[in-house]
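Position 171 (the sequence shown) corresponds to 1452 in the working numbering; numbering is contiguous.
The beta carbon of each residue, even a glycine, is placed where N, CA and C say it ideally should be.
Notes to accompany the following structure.
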Amino acid sequence: MGKLNGTPYRVVTGPEGLLPPAATIMGVPLPEEGEGLVEGGIVTEAEALEKAAIAMLTRKNATLFPGPLVLWGWNDHTNEKAKYFFDVADEIPGVRIIPMPDYRPIYPKIDPEAVINPCHPNLTISHNKIEACVFIGVHCHYASITLKMIRAGTNCFTIALCAEAGHEDAMVSVPNFDIEKLILFKEALIKVKKNGIKPLYEGKGIVPTGWSQIAALKGEIPIKPEDELVEAGTGAFSSELETGLDDTAE
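Okay, here's the thing in structure tokens:
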């Protein structure tokens, strides 16, 4: 674990401020195989998965963010991993699933319930009042930036289940996250519930958004209404989303 002013530096829920220090600069190491990170400290993989399971079961509006490496179905392994992803979702009462199929800005309209915008990744979390989330199948370079922004401006407990080396800026991270470890995460969720952790949304299934629920009840294809999209530069979002920053301005 790294140190700040002589005391251990912990990667905890924010808001931490406009420019929180990168955890790696603070001396937070990456975990090895069989290990995990919890709030900047090395623990066993089992401990990390248990901490993640408790957060997803007990914090408000827990959300799974599957990224392109899970969503695209570009090989047999990805297709199988997606199947076990839903097994995990089934063990988290009231969980939401917000896919991140494409990281590119979608202007002039954005759908904050479906996209974490590359410039403002905390908007989706703030908009949906998400207090715990899992990144899985998200490209590492994007996750590294996004996790810092989320920690800076929200109180979301971030969990990065990474297929590569892991992420220091998540509250919990486990590296080399393959199908076998996805199954272990499911088992961790089952275990903590058996050990007395009561899910915040006990009795609920996966929670779709309202327009999706209505379409399902009507037997229609769920297509989000145009009026639920947000015009960039109006309403809840400022004009920076539309115009961007002027690199030539002094």
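- Pairing Gly1317 with Glu1328 gives a Cβ-Cβ distance under 8 Å.
- Considered as a whole, the region 1390-1470 harbours 1403-1408, 1421-1434 as its complete alpha helix (DSSP H) runs of no fewer than 4 residues, in chain order.
- Between Cys1421 and Glu1445, the CB-CB gap stays under 8 Å.
- The criterion of a C-beta distance shorter than 8 Å is satisfied by Phe1366 and Val1351.
- Per DSSP, Leu1350 is one residue of the alpha helix (DSSP H) stretching across 1349-1352.
- Distance from the CA of Leu1442 to the CA of Leu1463, rounded to the nearest whole angstrom, comes to 9 Å.
- In the DSSP assignment, Ile1306 falls outside any beta strand (DSSP E) and carries neither an H nor an E.
- Every beta strand (DSSP E) stretch that sits fully inside the region 1309-1342 and reaches 3 residues is listed by chain position as 1316-1319, 1322-1325.
- Relative to Ile1335, the option among Glu1468, Ile1502, Val1488, Gly1486 whose CA is nearest is Glu1468.
- Fewer than three pairs of CB atoms, one per stretch, sit closer than 8 Å, so the region 1356-1365 makes no contact with the region 1330-1345.
- Rounded to whole angstroms, the separation of the alpha carbons of Lys1472 and His1408 is 31 Å.
- Annotation for Ile1478: Ile1335, Leu1338, Thr1339 place their beta carbon closer than 7 Å to its own, counting only its chain and skipping 5 residues before and after.
- Leaving aside the five residues that flank Pro1480 on each side, the residues in its chain whose CB is nearer than 6 Å to its CB run, in chain order, Leu1338, Pro1374.
- In the DSSP secondary-structure assignment, Ile1373 is not bridged to any residue.
- At a Cβ-Cβ threshold of 8 Å, Gly1298 and Ala1451 do not count as neighbours.
- The closest CA to that of Ile1460, considering only Val1324, Asp1383, Gly1418, is found on Gly1418.
- Around the beta carbon of Val1293, fewer than 16 other beta carbons sit within 10 angstroms, so the residue counts as exposed.
- The closest CA to that of Val1309, considering only Pro1382, Leu1300, Glu1320, is found on Glu1320.
- Of Pro1289, Val1324, Val1488, Pro1301, the smallest CA-CA separation from Pro1312 is found for Val1324.
- The Cβ atoms of Phe1466 and Cys1414 do not sit closer than 8 Å to each other.
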